[in-house]
Structures are given as structure tokens and as C-alpha cells.
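**Student:** Quick one: this structure, given as C-alpha cells, is what I'll be asking you about.
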Amino acid sequence: MRIATYNVEWFANLFDDSGRLLDDQNWSGRQDVTRSQQIAALTRVFRALDADAVLVIEAPDSSRDRDGTAALETFAAHAGIRARKALIGFVNETQQEIILLYDPDTLQARHDPVGEETGKKGSRTPPRFDGTYRIDLDIDATEDLVRFSKPPLEAVIDSDLGSFRLIGVHAKSKAPHGARGRDEMLRLAIANRRKQLAQCIWIRERVSSHLAEGTPLVVAGDFNDGPGLDEFEALFGRSGVEIVLGTDLPPEEQLFDPHAAEALTSRLGGGPTSARFYIRDEDRFLTALLDYIMVSSRLRPMAHDWRIWHPFEDRACWQDDMLCRALLTASDHFPVTLDLSKPFTTPHQAPS
Numbered sequence: 017m018r019i020a021t022y023n024v025e026w027f028a029n030l031f032d033d034s035g036r037l038l039d040d041q042n043w044s045g046r047q048d049v050t051r052s053q054q055i056a057a058l059t060r061v062f063r064a065l066d067a068d069a070v071l072v073i074e075a076p077d078s079s080r081d082r083d084g085t086a087a088l089e090t091f092a093a094h095a096g097i098r099a100r101k102a103l104i105g106f107v108n109e110t111q112q113e114i115i116l117l118y119d120p121d122t123l124q125a126r127h128d129p130v131g132e133e134t135g136k137k138g139s140r141t142p143p144r145f146d147g148t149y150r151i152d153l154d155i156d157a158t159e160d161l162v163r164f165s166k167p168p169l170e171a172v173i174d175s176d177l178g179s180f181r182l183i184g185v186h187a188k189s190k191a192p193h194g195a196r197g198r199d200e201m202l203r204l205a206i207a208n209r210r211k212q213l214a215q216c217i218w219i220r221e222r223v224s225s226h227l228a229e230g231t232p233l234v235v236a237g238d239f240n241d242g243p244g245l246d247e248f249e250a251l252f253g254r255s256g257v258e259i260v261l262g263t264d265l266p267p268e269e270q271l272f273d274p275h276a277a278e279a280l281t282s283r284l285g286g287g288p289t290s291a292r293f294y295i296r297d298e299d300r301f302l303t304a305l306l307d308y309i310m311v312s313s314r315l316r317p318m319a320h321d322w323r324i325w326h327p328f329e330d331r332a333c334w335q336d337d338m339l340c341r342a343l344l345t346a347s348d349h350f351p352v353t354l355d356l357s358k359p360f361t362t363p364h365q366a367p368s
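Last residue of the sequence shown: 368 (this note's numbering), numbering continuous.
Take a look at the structure:
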């Protein structure tokens with residue numbers, strides 16, 4: 017079974033309000049890329065992935081007038097891929113949903129949120145991901161009210177290999193968008209870092225509860241963070257990714273991602289990357305590791321072949337000129353995949 021996570025920049029711009037593809041020469045949201053070019057590039061990439069399940073980050077939006085799942089299923093039919101059924105969790109108010117595309121012939125998926133519903137006052141115990149979490153990050157003795165602008169998708173996956181839980185994540189961006197002047201940029205960057213860390217603590221609380229029950233678990237998506245990525249890490253002690261991984265916990269309570277593990281040992285650079293952004297003011301590209309697929313200790317023996325489909329860092333992608341160009345055209349992030357093999361058991365499930 018192949019699982020993928022893929023952040024597709026401005027996917028929503030490729031569909032009209034009826035969920036039909038806008039396969040034309042008008043500009044997409046990507047710079048100097050038409051909608052037709054982005055659709056063609058995404059088609060090539062999704063076909064190359066050939067995944068049983070693709071967690072789409074920044075998926076087409078859903079609202080009273082738009083249906084992101086219908087749009088993605090339209091794209092899957094156009095691309096002719098196996099992962100053709102779409103599952104959404106909590107709809108958010110942005111144009112960036114978290115939606116799972118999966119192959120209904122190889123697995124079944126259902127949304128299964130955990131936690132109590134909360135009102136605006138929130139809860140001091142980890143609530144449902146569409147609620148409000150009251151948390152003190154212990155740096156200013158102030159309690160924060162934390163919400164997800166994009167609540168994580170919690171899914172139960174049933175397959176011939178076994179059943180496991182999936183948490184799909186698009187954590188808060190740390191970039192100080194809209195800041196004017198150095199002081200405001202610093203203030204906003206620190207505030208965004210606080211929110212990002214609080215969201216990762218919330219996710220980690222959910223992870224710990226599942227691991228305590230012995231549930232096989234995959235946590236995947238775009239964390240907008242990683243070890244050593246910014247100067248504020250020293251202020252807060254750890255990156256959000258390290259918090260979710262549980263790097264300070266006993267081995268059985270930790271999650272594992274080999275790219276994250278490599279980044280933790282190469283904080284000065286040279287590690288893997290999964291995103292490439294153009295910095296207009298500096299006329300250069302910035303690369304970073306933001307996208308992960310983490311597995312619990314129960315799944316780790318069955319998980320193998322983690323791969324970032326990077327057009328320059330992955331040898332097979334680099335040698336395939338058409339795929340290389342498609343990856344650069346399709347998005348500012350690159351897909352991450354892993355393969356699961358061998359049947360595994362879930363709690364109270366005896367081996368066959």
C-alpha cells in the first residue's frame with residue numbers, strides 16, 4: 017500500500033463553482049503557469065505516484081457553493097488515477113481543505129474525529145480539532161486560545177493489510193504575512209510560531225492517546241516547520257515537528273519519519289527538502305523540509321521506501337525530464353510517499 021502527502025499550491029483555482037476543471041490558458045495561482053499547464057503537470061505527477069491514498073493539502077475549497085470532494089473526484093477521473101474517491105473532514109473557511117483521495121478497491125476510509133466539542137470558551141483538555149484548546153506555552157504565563165484554521169483530518173483506514181488511523185495536518189504558517197517594518201515582522205513571526213507550536217502540542221496530545229491504546233497510526237501533511245528552520249527555535253526550545261514526533265519520549269511513544277530524523281542530525285543544512293519557494297526580494301529560491309509522513313512504532317516494521325519526489329534531489333525524478341518539469345510546474349511542494357507491506361494487527365485483532 018502506498019500512502020502519499022502532497023501540498024498542491026492553488027488547487028482551488030483549477031475548478032469552477034460546479035467542480036469542473038478549468039482546463040484553459042488563463043493564469044493559475046502559480047506564477048507564470050496557466051491552468052492548463054498546472055492540470056497537465058498534476059496529472060503526470062499523480063499518475064507517477066500511483067498511490068492507494070493521497071492526502072491532498074491545500075485541496076479545493078468546500079462551502080455552500082463549492083464542493084472540494086467533487087472537484088477532486090473530477091480531477092481523479094480526468095487523470096485516470098486509482099485514488100478516485102475523496103474524503104473530507106471538517107470544512108474550513110479558507111480555500112485550502114485537507115482531503116484524502118483513495119482507491120476504493122484497495123481500502124476504505126471514514127472521517128472519525130476524536131475529542132469533545134467545545135464552545136468559544138474552549139477546553140483545557142485536548143478537544144475535537146474543530147474546537148478551541150486553552151493552553152499555556154509557559155513563556156509568558158498567558159493562556160492562549162488555540163484554534164485550527166484548517167482542522168486536521170482524522171480518518172480510520174481499513175485495508176487488507178489491517179486498519180490504522182490517519183491524522184492529516186496543515187499546521188499554522190510561521191511566515192509574518194502582512195507585516196510592516198522590522199518590529200511588526202518580529203512580533204508577528206513570534207506570534208505565528210506560538211500558534212504553530214500550540215497546534216503541534218494539540219496534535220501530539222491526540223497522538224499520545226492513540227498510542228496508549230496501541231492503535232497503529234500515521235500522521236502526515238505539511239507542518240510548516242522542521243528542526244533548525246528558524247531563529248525562534250531557541251526561544252521555544254523545540255520545533256513543532258519534534259513535539260509531534262515525541263523525540264524526548266520513550267521509543268514506543270515516538271513517531272518515526274526518516275527525513276525528520278536526518279534533519280535532526282543535520283541542522284546546519286544539507287538535509288532533505290520537500291518545498292521550494294521563490295523569494296522575489298532576493299531573486300533566489302528557498303528550500304525547506306515541511307512535509308512528512310510519520311508512523312507509530314507498531315507500523316514502523318511494515319513501513320519502508322519513504323521518498324520525497326524532489327526533481328533535483330531524487331535521482332529517478334531528475335533522470336525523468338518530463339516528470340522533473342511536471343513537479344516544478346505543479347506546485348511549490350513535492351509529494352512524499354511511503355509504502356506499507358505485510359499485514360499488521362490492531363488492538364483486539366488476532367492474527368489471521
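All C-beta atoms, glycine included, are put in the ideal place defined by N, C-alpha and C.
Bear in mind the structure is a predicted one, so any value in this text is a computation, not a measurement.
(1) Short of 6 Å in beta carbon distance, which residues of its chain neighbour T281, apart from the five on each side in sequence? Order them along the chain.
(2) Which two residues bound the contiguous alpha helix (DSSP H) that contains S52?
(3) For T134, which of helix, strand or coil comes out of DSSP?
(4) Whole angstroms is fine: what's the gap from A3's alpha carbon to D40's?
(5) Would you report the Cα separation of R140 and S79, rounded to the nearest angstrom?
(6) Confirm, please, whether the CB-CB distance from K188 to S165 is below 9 Å.
(7) How is the beta strand (DSSP E) around D337 delimited, first residue to last?
(8) Residues in its own chain within less than 6 Å of R220 by CB, not counting five upstream and five downstream?
(9) Under a Cβ-count criterion, where at least 16 other Cβ atoms within 10 Å of its own Cβ denotes burial, should S34 be classed as buried or exposed?
(10) Look at the alpha carbon of L65 and the alpha carbon of A20, and state the distance between them as a whole number of angstroms.
(11) In the DSSP assignment, what are the bridge partners of I309?
(12) Would you kindly work out how many angstroms separate the C-alpha atoms of N208 and G178, rounded to a whole number?
(13) In this structure, how does DSSP classify W218 when only helix, strand and coil are distinguished?
(14) Using C-beta distances below 7 Å, list every residue in its chain close to D174, excluding the 5 sequence neighbours before and after it, in chain order.
(15) Do you know whose CA, among R150, G230, D238 and G138, lies nearest P168's CA?
(16) Leaving out five residues before and five after R126 in sequence, what residues of the same chain have Cβ atoms less than 6 Å from its Cβ?
(17) Compare the beta carbon distance of I206 and I151 with 9 Å and say whether it is the shorter of the two.
(18) In three-state DSSP terms, what is D110?
(19) Could you give the DSSP three-state label for R331: helix, strand or coil?
(20) At what residues does the alpha helix (DSSP H) containing F91 begin and finish?
(21) Reducing DSSP to helix, strand and coil, say where D32 ends up.
(22) Does S225 come out as helix, strand or coil in the three-state DSSP assignment?
(23) Cα separation between A102 and L88?
(24) Inspect the CB distances between the region 338-351 and the region 309-318 and report whether three or more fall short of 8 Å.
(25) Nearest by alpha-carbon distance to P351: which of R63, V107, H94 and E269 is it?
(26) How would you label Y118, buried or exposed, when you count the other beta carbons within 10 angstroms and need 16 or more for buried?
(27) Which value, in whole angstroms, describes the spacing of the CA atoms of A95 and A69?
(28) Excluding the 5 residues preceding and the 5 following R60 in the sequence, name in chain order all residues of the same chain whose CB lies nearer than 6 Å to its CB.
(29) Span of the beta strand (DSSP E) holding V257?
(30) Tell me the residue span of the beta strand (DSSP E) that contains L71.
**Tutor:** On the basis of the coordinates in this document:
(1) Excluding positions up to five away in sequence, the list is empty.
(2) Where S52 is concerned, the enclosing alpha helix (DSSP H) stretches over R51 to L65.
(3) Three-state DSSP puts T134 in coil, outside helix and strand.
(4) As shown, the chain starts at 17 and ends at 368. That puts residue 3 outside it, with no answer to give.
(5) A straight line joining the alpha-carbon of R140 with that of S79 spans about 30 Å.
(6) Yes.
(7) Careful: D337 lies outside any beta strand (DSSP E), inside the alpha helix (DSSP H) at D337 to A346.
(8) Correct list, in chain order: I259 and V260.
(9) With fewer than 16 Cβ atoms within 10 Å of its Cβ, S34 is classed as exposed.
(10) So the alpha carbons of these two residues sit roughly 8 Å apart.
(11) DSSP lists A236 as partners of I309.
(12) Taking the straight line joining both Cα atoms gives about 38 Å.
(13) In the three-state reduction of the DSSP assignment, W218 falls in the helix class, which pools H, G and I.
(14) Only L123 and Q124 meet the Cβ criterion.
(15) Residue D238 holds the alpha-carbon nearest to the alpha-carbon of P168 among R150, G230, D238 and G138.
(16) Answer for R126: V172, listed in chain order.
(17) Note that the C-beta distance between I206 and I151 is not below 9 Å.
(18) First, the amino acid is wrong: residue 110 is Thr here, not Asp. Three-state DSSP puts T110 in coil, outside helix and strand.
(19) R331 sits in a helix when the DSSP states are folded into three classes.
(20) For F91, the enclosing alpha helix (DSSP H) stretches over residues G84 to A95.
(21) Looking at D32 - three-state DSSP - the assignment turns out to be coil, as it is neither helix nor strand.
(22) Helix.
(23) Between A102 and L88, the C-alpha separation is close to 7 Å.
(24) For the pair of segments examined, the region 338-351 was found not to touch the region 309-318: the number of CB pairs separated by less than 8 Å stays below three.
(25) Nearest option by C-alpha distance: R63.
(26) Its Cβ being crowded by 16 or more others within 10 Å, Y118 is buried.
(27) When rounded, the separation of the alpha-carbon atoms in A95 and A69 is 15 Å.
(28) Cβ neighbours of R60 beyond the five flanking positions: A342.
(29) Element bounds for V257: not the beta strand (DSSP E) but the alpha helix (DSSP H), G256 to L261.
(30) Residues A69 to A75.
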